[in-house]
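Structure follows, in structure tokens:
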């Protein structure tokens, strides 16, 4: 990918975008397609999935059979570069030593950020999800509603390519005709769950994931996305034609060299670069936003992660899309006598109300899946079906004891055997070994299923981040300190998840693993689901929010935050699709304001 | 995807932070801090493959860090691998597809947890040799199948192992996990289990009619 070096940067740009993931990718794409000159700064190295993705490499070709290590926490072949729960030289801290009050922060230092690694689950927030306070009196309402965002969900789905189906379920929006690609057929275990879950009232339906089940319609989509812009249409059509349809093998977490799934580095950035309006400077860690005496942003100061050199870069508008927590860190570190608490922080709310997704899981062994006739179950490198939240009415009536819902993701199938291929077999057979073990392994392979709940967390006053007063990173930049606490709504939800999974596994004729004694034990640590949002929440009142509904900071009108930071709630729906929809919407607003001469 | 296991660090003072940066290890939280302090001065501690390894290269045991087994240990390990995964009509024995080398790589790895496995596996292999001498006056590798089975039956399952064999049973359990994982992740192991994926196909058809019938959903 043609990127620039520091010596090639222009004296000034229209817009600097900090970050190259879902938010940065979408923001830059929206702007450069309309002729705006953008400099994108990425803290990590250049990364080219087309050349670097280990598509068919097997675990036997990897060190330690590809298992996870501190260097590669999601396994050797996970696409993440220079990242994980820790980034060498770039620590973060926790305010509490209490293990239940930790926040795990996943970062990637690479072009495309965390979009290279993610699960590609792309669910729309529903109407309730934008007005949670109005519905149950908890948390906050967004300053916008589903109808404001829906046109952007349509556009993002068409741009990135999302498979799925419309099911007409409550608060689980259907997409207009032409937005979704056909979903893949369910796998054996998914079908069995679908069949048996009916008794429990669980709807098992096609999940939505950003994977091309068929090639995109390059003949009609570009004109829908860029009306009256033939250049943008031509560039996008070309990019769409270069993307292959999924060939039904390999885990999406490795990335995709044929560009069949969405990652910013294969979907947003190639057409954005083709406009000639985008410069990308990698290895550039932004430290602070620079300000003039009139309270306007003038650009950023960044550190070269290779040389340690500091650089000042200028633009008319600055957009932070560095991940919600990293954007908070940049704002808080932009301290000066005029801005003693950091920039855009007159409300004192920068860093407040950070959220993750509630996670709990349970696995079980399903005899009906033993000795399955041989067939290929690789599929789309992730889930084909899921269970959207189904108890809205019971919950609203106060029957559940927790306020918000969750959806269920499935782990099943005759997956590529690795170190865990025969986990559990010895226990099921009282320790078999030898020829008997080989027979047992054949019998049990692919007969285990796991279910993972992904639920909504309600923002609370005890979950926030600020600057650590002591610890700095290797360049001397103050690091984030996380404060975290789950409320009963989340822990009770986690307990409900496990009970549901146990019931479903039993209904499938299986034996569930042991359920945790309490929800507090069942719940995953904060941050571990890697759905970090909040910290620069949007709103209608400058005293009670950091940005307006356009992701524009109240205090500094030429400063925007388009990552998950402006989220004021974190619905069970995975946040990436909404991040992109809101980033596109913010980009349209930014363009209009520029045209009006307001920026 | 495998489950990540490292929590973030707790509250940290500047000195600890500096030490963390200097040791350039992302694994501090799992290590006992006193143990880290004790091992830190070791000049030639093995390092891992780092946070940006070449993912397209084929790695062999010993490529990234030095291996551990002596010839004697290796011989015992080869024999035990094949007691656990012997050749049969469907697939070869574990030792013929590189599993002992993989186990050596595993116990030699400079990552948290692997040091515990190194101790457990090396002590276990030594115990096995001592037990073979004690019971049959011979090396484990030279025992006949029935003699090996007599020992392994005593240590193959922790919950039912007699008290004097508990520790050996823990070793055997771990060795079986490593052997099976190492074996079934090879092309020969895939074939044995009936894994037929990791190939590009035009369309995904879902379960075959035979599979649907097996599920009672045909």
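Protein chains in written order, with my numbering: chain H, 1 to 599; chain B, 600 to 817.
Even for Gly, the Cβ is constructed at its ideal location relative to N, Cα and C.
Since we're looking at a predicted model, the values are computed, not measured.
Inset, instruction - Compare the C-beta of residue 410 of chain H with all C-beta atoms of chain B and state if any pair is closer than 9 Å. - result: Against the first chain, residue 410 of chain H aligns to sequence position 410. Not one chain B Cβ lies under 9 Å of residue 410 of chain H.
Inset, instruction - Output, in sequence order along the chain, the residues in the segment 59–72 of chain H whose CB is closer than 8 Å to any CB in chain B. - result: 59, 60, 61, 62, 63, 64, 65, 66, 67, 68, 69, 70, 71, 72
Inset, instruction - Please decide whether residue 655 of chain B counts as near chain H, where near means a Cβ-Cβ distance under 9 Å. - result: Here residue 655 of chain B refers to the residue found at position 56 of the second chain. Chain H, which has a Cβ nearer than 9 Å to the Cβ of residue 655 of chain B, makes this yes.
Inset, instruction - Whole angstroms is fine: what's the gap from residue 636 of chain B's alpha carbon to residue 62 of chain H's? - result: Working through the second chain from its first residue, we reach residue 636 of chain B at position 37. Working through the first chain from its first residue, we reach residue 62 of chain H at position 62. Because residue 636 of chain B sits at a pLDDT of 34, beneath the cut-off of 50, its placement in the model cannot be relied upon, and the point is left open.
Inset, instruction - Give every residue of the same chain whose Cβ lies closer than 8 Å to the Cβ of residue 243 of chain H, excluding the five residues on either side of it in the sequence, and list them in chain order. - result: Mapped onto the first chain, residue 243 of chain H falls at position 243. The beta carbon of residue 243 of chain H sits closer than 8 Å to those of 161, 212, 215, 216, 258, 259, 260, 266, 267, all from its chain and outside the five residues before and after it, given in chain order.
Inset, instruction - Report the option in H:7, H:20, H:495, H:27 whose CA atom is closest to the CA atom of residue 551 of chain H. - result: Counting from one through the first chain, the residue named residue 551 of chain H turns up at place 551. The residue with the shortest Cα to Cα distance from residue 551 of chain H is H:27.
Inset, instruction - Drop a sphere of 10 angstroms on the beta-carbon of residue 469 of chain H, count the other beta-carbons inside from all chains shown, and report buried for 16 or more, exposed for fewer. - result: The residue labelled residue 469 of chain H in the question sits at position 469 within the first chain. Flag for residue 469 of chain H reads exposed.
Inset, instruction - Give the DSSP-derived three-state secondary structure of residue 288 of chain H in the structure shown. - result: Looking up residue 288 of chain H in the first chain gives position 288. Residue 288 of chain H falls in the strand class under three-state DSSP.
Inset, instruction - Give, in chain order, every residue of the segment 739–753 of chain B whose Cβ lies closer than 7 Å to some Cβ of chain H. - result: 751
Legend entry - residue 481 of chain H in three-state terms, based on DSSP: Residue numbering aside, residue 481 of chain H sits at position 481 when the first chain is read from its first letter. Three-state result, residue 481 of chain H: strand.
Inset, instruction - Taking all protein chains shown into account, decide if residue 114 of chain H is buried (16 or more other Cβ within 10 angstroms of its Cβ) or exposed. - result: Translated into the one-based positions of the first chain, residue 114 of chain H becomes position 114. The residue in question, residue 114 of chain H, is buried, as its Cβ has 16 or more Cβ neighbours within 10 Å.
Inset, instruction - Mind listing the chain B neighbours of residue 683 of chain H? Cutoff is C-beta to C-beta under 8 Å, in chain order. - result: Because chain H here runs from 1 to 599, residue 683 of chain H falls outside it and cannot be looked at.
Inset, instruction - Pair every Cβ in the segment 427–446 of chain H with every Cβ in the segment 682–692 of chain B, then say whether three or more of these pairs are closer than 8 Å. - result: A contact exists between the segment 427–446 of chain H and the segment 682–692 of chain B.
Legend entry - Cutoff 9 Å: residue 694 of chain B Cβ touching any chain H Cβ: Taking the first residue of the second chain as position 1, residue 694 of chain B is located at position 95. False, the Cβ-Cβ gap to chain H never drops below 9 Å.
Legend entry - Cβ pair residue 334 of chain H, residue 563 of chain H closer than 9 Å: Here residue 334 of chain H corresponds to residue number 334 of the first chain, with the count starting at 1. Here residue 563 of chain H corresponds to residue number 563 of the first chain, with the count starting at 1. Taking 9 Å as the Cβ cut-off, residue 334 of chain H and residue 563 of chain H do not qualify as a contacting pair.
Inset, instruction - Just mark residue 743 of chain B as buried or exposed, buried being the case when its beta carbon has 16 or more other beta carbons within 10 Å. - result: Numbered from its first residue, the second chain carries residue 743 of chain B at position 144. Answer is exposed; the Cβ neighbour count stays below 16.
Legend entry - Cβ contact (3+ pairs, closer than 8 Å) linking the segment 271–279 of chain H and the segment 21–37 of chain H: As far as the Cβ criterion goes, the segment 271–279 of chain H touches the segment 21–37 of chain H, which means the pair count is three or higher.
Legend entry - Residue from H:24, H:87, H:40 with nearest C-alpha to residue 9 of chain H: Within the first chain, the letter at position 9 stands for residue 9 of chain H. Taking each of H:24, H:87, H:40 in turn and checking the Cα distance to residue 9 of chain H, the smallest one comes out for H:40.
Inset, instruction - For residue 642 of chain B, decide whether its Cβ has a neighbour in chain H, counting only Cβ atoms nearer than 9 Å. - result: The residue given as residue 642 of chain B occupies position 43 in the second chain. Residue placement at residue 642 of chain B cannot be trusted, given a pLDDT of 40 that sits under 50; the coordinates are not used to answer.
Inset, instruction - Report the rounded CA-to-CA distance for residue 599 of chain H versus residue 296 of chain H, giving the unit in angstroms. - result: Translated into the one-based positions of the first chain, residue 599 of chain H becomes position 599. Translated into the one-based positions of the first chain, residue 296 of chain H becomes position 296. If you take the alpha carbons of residue 599 of chain H and residue 296 of chain H, they lie about 10 Å apart.
Legend entry - Beta-carbon contacts of residue 566 of chain H that lie in its chain and below 8 Å, excluding the five residues immediately before and after: Here residue 566 of chain H corresponds to residue number 566 of the first chain, with the count starting at 1. Excluding positions up to five away in sequence, the list reads 536, 537, 538, 546, 547, 551, 582.
Inset, instruction - Check each residue of the segment 784–802 of chain B: if its Cβ is closer than 8 Å to any Cβ of chain H, include it; give the result in chain order. - result: Residues are counted here when their Cβ sits less than 8 Å from a Cβ of chain H; for the segment 784–802 of chain B these are 784, 785, 786, 788, 789, 791, 792, 793, 794, 795, 796, 797, 798, 799, 800, 801, 802, given in chain order.
Inset, instruction - Anything in the segment 427–447 of chain H with a Cβ closer than 9 Å to a Cβ of chain C? List those residues in chain order, please. - result: Annotation note: the requested chain C is absent from the structure, which comprises protein chains H and B.
Legend entry - Residue closest to residue 794 of chain B, alpha-carbon to alpha-carbon, out of H:254, H:492, H:375: As a working mapping, residue 794 of chain B is identified with position 195 in the second chain. Comparing Cα-Cα distances from residue 794 of chain B to each of H:254, H:492, H:375, the minimum goes to H:375.
Inset, instruction - Report yes or no: is there a C-beta of chain H within less than 9 Å of the C-beta of residue 763 of chain B? - result: By one-based count along the second chain, residue 763 of chain B stands at place 164. Chain H contact via Cβ: absent.
Inset, instruction - Answer with buried or exposed for residue 167 of chain H, where buried requires no fewer than 16 other C-beta atoms within 10 angstroms of its C-beta. - result: Residue mapping note: residue 167 of chain H aligns to position 167 of the first chain, counting from 1. Looking at its Cβ environment, which holds fewer than 16 other Cβ atoms inside 10 Å, residue 167 of chain H is exposed.
Inset, instruction - Please state if the CB of residue 792 of chain B and the CB of residue 414 of chain H are separated by a distance shorter than 9 Å. - result: Residue numbering aside, residue 414 of chain H sits at position 414 when the first chain is read from its first letter. Residue numbering aside, residue 792 of chain B sits at position 193 when the second chain is read from its first letter. Yes, the Cβ-Cβ distance between residue 414 of chain H and residue 792 of chain B is below 9 Å.
Legend entry - Beta-carbon spacing of residue 378 of chain H, residue 796 of chain B below 9 Å: Looking up residue 378 of chain H in the first chain gives position 378. Looking up residue 796 of chain B in the second chain gives position 197. Going by C-beta atoms, residue 378 of chain H is nearer than 9 Å to residue 796 of chain B.
Inset, instruction - Taking only beta-carbon positions, decide if residue 203 of chain H is within less than 9 Å of chain B. - result: Taking the first chain and counting its residues from 1, one reaches residue 203 of chain H at position 203. Not closer than 9 Å to any Cβ of chain B, the Cβ of residue 203 of chain H fails to qualify, so no.
Legend entry - Helix, strand or coil at residue 409 of chain H [DSSP, three-state]: Translated into positions along the first chain, residue 409 of chain H becomes position 409. Strand at residue 409 of chain H.
Legend entry - Inter-residue spacing [alpha-carbon to alpha-carbon] between residue 380 of chain H and residue 804 of chain B: Locating residue 380 of chain H in the first chain gives position 380, where the first residue counts as 1. Locating residue 804 of chain B in the second chain gives position 205, where the first residue counts as 1. Cα to Cα, residue 380 of chain H sits roughly 11 Å from residue 804 of chain B.
Inset, instruction - Using 10 angstroms around the beta-carbon of residue 810 of chain B, count the other beta-carbons present and answer buried if the total reaches 16, otherwise exposed. - result: Residue numbering aside, residue 810 of chain B sits at position 211 when the second chain is read from its first letter. So residue 810 of chain B counts as buried.
Inset, instruction - Return the chain-ordered list of same chain residues with a C-beta closer than 8 Å to the C-beta of residue 72 of chain H, the five sequence neighbours on each side being excluded. - result: Taking the first residue of the first chain as 1, we reach residue 72 of chain H at position 72. Around residue 72 of chain H: 78, 80, 84.
Inset, instruction - Give the secondary structure of residue 746 of chain B by DSSP, where H, G and I count as helix, E and B as strand, and everything else as coil. - result: Counted from its first residue, the second chain places residue 746 of chain B at position 147. Residue state, collapsed to three classes: helix.
Legend entry - Spatial distance of residue 70 of chain H from residue 649 of chain B (CA atoms): Indexing the first chain from 1 puts residue 70 of chain H at position 70. Indexing the second chain from 1 puts residue 649 of chain B at position 50. The straight-line gap from Cα to Cα measures roughly 9 Å.
Inset, instruction - Determine the burial state of residue 543 of chain H: buried for a count of at least 16 other Cβ atoms within 10 Å of its Cβ, exposed for fewer. - result: For the purposes of this step, residue 543 of chain H is identified with residue 543 of the first chain, where counting begins at 1. A residue is called buried once 16 or more other Cβ atoms fall within 10 Å of its Cβ, and residue 543 of chain H, having fewer, is exposed.
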